[in-house]
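Enquirer:
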Amino acid sequence: MIQRNEHFLLAKLKEKVSTRTAVVGVVGLGYVGLPFAVEKAKVGFHVLGVEQNPSRAEKVNRGENYIGDVREEELKEVVAKGLLSAETGFDRVPEMDVIVIAVPTPLTRNLTPDLQYVERVTEAIAKRLRPGQLVSLESTTYPGTTEEVMLPILGKSGLKVEEDFFLVHSPERVDPGNRRYTTRNTTKVVGGVGPRSLEAGVHFYSQTIERVVPVSSAKAAEMVKVFENTFRAVNIALVNELAMLCDRMGLNVWEVLDAAFTKPFGIMPFYPGPGVGGHCIPIDPHYLEWKAKEYNFNTHFIALAGEINRKMPEFTVEKALRLLARDGVPVRGARVLVLGVAYKRDVADHRESPAIEVIRGLKRLGAEVAYHDPLIPSFQDQDLYMKSILLSEDLLASQDLVILATDHSAFDYHELVRRAKRVLDTRGATRHLPKDLTEGKVVLL
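Below, the structure is given as structure tokens:
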């Protein structure tokens with residue numbers, strides 16, 4: 240009887256998914272959740288969003304976009320058709336056939352995983368879980384979270400995984416600002432806690448994503464994502480360390496890298512910067528580092544990469560001080576303009592931005608620091624609150640130093656260099672400008 244019930248529930252869920260009659264719940268309508276919700280609604284699924292930020296939930300219901308990777312006209316269309324709506328609570332969980340969780344997974348100040356959002360959401364779902372539902376965790380986390388943290392909580396419902404409900408991990412692969420790779424054409428990895436869960440998860444994601452890759456377990460899927468981000472963190476750390484060495488040796492690291500990347504095999508382009516930001520690179524590798532200790536294993540590359548990348552804002556401040564000293568300007572009272580506080584080019588997101596640490600470091604030393612960012616009108620980071628100021632020719636000319644921290648495409652780099660007294664370019668954005676314009680003015684990181 241149990242076996243028949245298992246097959247019946249899975250078959251019924253797959254049929255609903257195939258016919259687009261399945262109700263899809265998306266918990267967390269942020270950089271991952273909202274684009275996913277819109278993509279599912281576009282193909283006919285009825286999507287119920289759970290967003291505990293009331294302001295965001297209201298915006299969704301009005302068809303107002305707040306995520307750069309979502310087209311507002313598409314959001315408005317699916318909301319107008321009644322295919323997407325948002326609530327702040329979990330009362331409608333029983334209506335959902337598929338529940339996708341895309342909530343933050345930050346670190347504590349001690350660089351240990353903070354799973355409070357995953358745990359709270361899972362507890363809320365467990366209280367309302369019903370037979371036949373598929374639960375998918377997309378939040379990046381350490382290998383084992385789905386089975387070791389979520390499954391016991393969901394088990395409190397009295398329902399059994401693989402018999403009554405299905406559970407998978409399918410890590411998000413969102414690259415904010417990337418217009419080439421979207422939710423639809425970015426390959427999706429899915430790992431289930433059992434074969435029926437895997438079958439359900441692959442079937443669901445295959446409806447709107449061009450390629451789905453199944454792996455043997457939820458833990459394997461979790462490892463895939465943290466490895467992807469660790470790969471980037473380690474390689475970014477390598478070029479950051481090279482930048483610091485080239486600084487000591489009087490070499491132009493950008494010239495070295497540009498030449499190295501002309502090799503058609505055996506190398507992949509990575510570039511240095513003032514540090515790493517966003518939710519993924521500064522955070523996710525530490526999830527794996529923390530989990531490895533449970534197995535009495537030290538992840539040396541991960542620890543060293545994190546250490547190097549965290550040094551970059553300090554190195555940027557130190558280099559800024561050298562430039563001010565070269566011009567005979569004492570740091571106390573020096574006028575410094577930071578261009579860009581977003582963690583990444585053309586993205587309206589300042590989470591973990593190294594530019595903010597640069598600002599904080601300069602302010603601590605007594606510099607008068609202002610910033611301009613066309614995408615971040617203001618920001619609050621712990622005790623630091625600032626507003627973007629209007630960029631003008633007079634402003635650029637009045638600054639003792641301009642630090643280019645984020646290379647937004649909206650910036651006119653030719654005009655920036657022409658007007659500014661001195662520029663510290665941490666992104667290499669000016670390295671291809673005419674030499675007669677940059678010489679004596681621009682210093683690359």
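240 is the number of the first residue of the sequence shown in my numbering; add one for each residue after it.
Each residue gets a CB set at the ideal place from its N, CA and C atoms; glycine is no exception.
A quick note: this is a predicted structure, and the numbers were derived from the prediction, not measured.
Go through the segment 330 to 417 residue by residue and report every complete run of the beta strand (DSSP E) that reaches 3 residues or more, in order.
Expert: Counting whole runs of 3 or more residues, the segment 330 to 417 contains the beta strand (DSSP E) stretches 337 to 340, 373 to 376 and 405 to 408.
Enquirer: Just curious, the beta strand (DSSP E) that S617 is in, first and last residue?
Expert: The residue given as residue 617 occupies position 378 in the sequence shown. Segment S617 to D620, the beta strand (DSSP E) holding S617.
Enquirer: What are the start and end residues of each continuous beta strand (DSSP E) run of 3 or more residues lying completely inside the segment 419 to 449, in chain order?
Expert: Qualifying beta strand (DSSP E) stretches, in chain order: 427 to 431.
Enquirer: Please classify Q372: is it buried, with 16 or more other beta-carbons within 10 angstroms of its beta-carbon, or exposed?
Expert: Stepping through the sequence shown from its first residue, residue 372 is reached at position 133. Burial call: buried.
Enquirer: Quick check on R487: does DSSP put it in helix, strand or coil?
Expert: Taking the first residue of the sequence shown as 1, we reach residue 487 at position 248. The answer is helix: DSSP assigns R487 an H, G or I state.
Enquirer: Suppose the cutoff is 6 Å on Cβ atoms and the five residues either side in sequence are ignored; what does the same chain contact list for Q242 look like?
Expert: Walking along the sequence shown from the start, residue 242 turns up at place 3. Below a pLDDT of 50, predicted positions are generally treated as unreliable, and Q242, at 49, falls in that range; no measurement from the model is reported.
Enquirer: Within 10 angstroms of its Cβ, does Q355 collect 16 or more other Cβ (buried), or is it exposed?
Expert: If you number the sequence shown from 1, residue 355 lands on position 116. By the 10 Å Cβ count, Q355 comes out exposed.
Enquirer: Where does G272 land, buried or exposed, given buried means 16+ other C-beta within 10 angstroms?
Expert: The residue labelled residue 272 in the question sits at position 33 within the sequence shown. So G272 ends up on the buried side.
Enquirer: Might you give, ordered along the chain, the residues of its own chain that have their beta carbon closer than 6 Å to the beta carbon of E334, omitting 5 neighbours on each side?
Expert: Walking along the sequence shown from the start, residue 334 turns up at place 95. Counting only Cβ-Cβ distances below 6 Å, and skipping sequence neighbours, we find V262.
Enquirer: Taking 8 Å as the cut-off, decide whether the C-beta atoms of V428 and V407 are in contact.
Expert: Within the sequence shown, the letter at position 189 stands for residue 428. Within the sequence shown, the letter at position 168 stands for residue 407. Contact: no.
Enquirer: Quick one: what does DSSP say V271 is sitting in, helix, strand or coil?
Expert: Within the sequence shown, residue 271 is the residue found at index 32, counting from 1. DSSP places V271 in coil when its eight states are reduced to three.
Enquirer: For T422, collect the residues of the same chain with a Cβ closer than 6 Å to its Cβ; drop the 5 residues on either side in sequence, then sort them by chain order.
Expert: Within the sequence shown, numbered from 1, the residue matching residue 422 stands at position 183. Within the same chain, T422 has close Cβ partners P274, F275 and E278.
Enquirer: Quick test of your reading: A559 and I520, contact by CB under 8 Å. State the CB separation rounded to the nearest angstrom.
Expert: Walking along the sequence shown from the start, residue 559 turns up at place 320. Walking along the sequence shown from the start, residue 520 turns up at place 281. Going by Cβ atoms, the distance from A559 to I520 rounds to 23 Å, so no, they are not a contact pair.
Enquirer: Could you name the residues of the same chain whose beta carbon sits closer than 7 Å to that of A594, not counting the 5 residues immediately before and after it, in chain order?
Expert: Translated into the one-based positions of the sequence shown, residue 594 becomes position 355. Counting only Cβ-Cβ distances below 7 Å, and skipping sequence neighbours, we find P513, V577, G579, V580, A644 and T645.
Enquirer: What does DSSP give as the partner residue(s) for E533 in the beta ladder?
Expert: Position 294 of the sequence shown, counting from 1, holds the residue named residue 533. DSSP output for E533 lists no bridge partner at all.
Enquirer: Who pairs with M462 in a beta bridge, going by DSSP?
Expert: Counting from one through the sequence shown, the residue named residue 462 turns up at place 223. Per DSSP, none; premise fails for M462.
Enquirer: Please name the residue in K680, L368 and S436 whose C-alpha comes closest to that of L562.
Expert: Numbered from 1 along the sequence shown, position 323 holds the residue referred to as residue 562. Answer by Cα proximity: K680.
Enquirer: Considering only their Cβ atoms, is the gap separating P552 from E591 smaller than 8 Å?
Expert: Here the question's residue 591 lines up with position 352 in the sequence shown. Here the question's residue 552 lines up with position 313 in the sequence shown. For E591 and P552, no; Cβs fall outside 8 Å.
Enquirer: Which same chain residues end up closer than 7 Å to F540 when comparing Cβ atoms and leaving out the 5 residues on each side of it in sequence?
Expert: As a position in the sequence shown, residue 540 is number 301, starting the count at 1. Once the five neighbours on either side are set aside, the close Cβ partners of F540 are V473.
Enquirer: Thinking C-alpha only, which one of V586, V570, P293 and E312 is nearest K602?
Expert: Within the sequence shown, the letter at position 363 stands for residue 602. For K602, the nearest C-alpha among the options comes from V570.
Enquirer: Between the segment 335 to 352 and the segment 617 to 628, can you find at least three pairs of beta-carbon atoms closer than 8 Å?
Expert: In short, these stretches do not touch, since the Cβ pair count stays below three.
Enquirer: Three-state secondary structure (DSSP) at V682?
Expert: The residue labelled residue 682 in the question sits at position 443 within the sequence shown. In this structure, V682 counts as strand in the three-state DSSP scheme.
Enquirer: Would you give the residue range spanned by the beta strand (DSSP E) that I547 belongs to?
Expert: Mapped onto the sequence shown, residue 547 falls at position 308. That residue, I547, is in no beta strand (DSSP E); its alpha helix (DSSP H) goes H539 to R565.
Enquirer: Please name the residue in G383, D330 and T426 whose C-alpha comes closest to that of A363.
Expert: For the purposes of this step, residue 363 is taken as residue 124 along the sequence shown, with counting starting at 1. A363 has its Cα closest to that of D330, out of G383, D330 and T426.
Enquirer: Less than 8 Å between the C-beta atoms of T327 and Q291, yes or no?
Expert: For the purposes of this step, residue 327 is taken as residue 88 along the sequence shown, with counting starting at 1. For the purposes of this step, residue 291 is taken as residue 52 along the sequence shown, with counting starting at 1. Contact: yes.
Enquirer: Take every Cβ of the segment 434 to 445, pair it with every Cβ of the segment 253 to 269, and state whether three or more of those distances are shorter than 8 Å.
Expert: The segment 434 to 445 is in contact with the segment 253 to 269.
Enquirer: Tell me whether A472 sits in a helix, a strand or coil according to DSSP, three-state version.
Expert: Residue numbering aside, residue 472 sits at position 233 when the sequence shown is read from its first letter. Here A472 sits in helix by DSSP.
Enquirer: Buried or exposed for P524, going by 16 or more other Cβ atoms inside 10 Å?
Expert: Taking the first residue of the sequence shown as position 1, residue 524 is located at position 285. Answer is buried; the Cβ neighbour count reaches 16.
Enquirer: Please state whether DSSP places A261 in a helix, a strand or coil.
Expert: Here residue 261 refers to the residue found at position 22 of the sequence shown. It is coil, neither helix nor strand.
Enquirer: If you check the beta carbons only, do I615 and A587 fall under 8 Å apart?
Expert: Taking the sequence shown and counting its residues from 1, one reaches residue 615 at position 376. Taking the sequence shown and counting its residues from 1, one reaches residue 587 at position 348. Result yes, Cβ atoms of I615 and A587 sit closer than 8 Å.
Enquirer: Give the straight-line distance between the Cα atoms of M240 and A250, rounded to the nearest whole angstrom.
Expert: The residue given as residue 240 occupies position 1 in the sequence shown. The residue given as residue 250 occupies position 11 in the sequence shown. In this prediction, M240 has a pLDDT of 42, which is less than 50 and means its spatial position is unreliable; what the coordinates show is noted afterwards. Each residue's alpha carbon lies about 15 Å from the other.
Enquirer: Which term fits I306, buried or exposed, when burial requires 16 or more other beta carbons within 10 angstroms of its beta carbon?
Expert: Numbered from its first residue, the sequence shown carries residue 306 at position 67. By the 10 Å Cβ count, I306 comes out buried.
Enquirer: Cutting at 8 Å between CB atoms, please list the residues of its own chain near L393, excluding the five before and the five after it.
Expert: Taking the first residue of the sequence shown as position 1, residue 393 is located at position 154. Only T361, I364, A365, L368, V374, V400, F404 and L406 meet the Cβ criterion.
Enquirer: When DSSP labels each residue in this structure, what does H518 get in the three-state scheme?
Expert: For the purposes of this step, residue 518 is identified with residue 279 of the sequence shown, where counting begins at 1. Coil.
Enquirer: In angstroms, rounded to a whole number, what distance separates the CA positions of K255 and N349?
Expert: Here residue 255 refers to the residue found at position 16 when the sequence shown is read from its first residue. Here residue 349 refers to the residue found at position 110 when the sequence shown is read from its first residue. If you take the alpha carbons of K255 and N349, they lie about 45 Å apart.
Enquirer: Report all residues from its chain with a CB closer than 6 Å to the CB of P293; omit the five preceding and five following residues, and keep chain order.
Expert: Here residue 293 is taken as the residue at index 54 of the sequence shown, counted from 1. T327.
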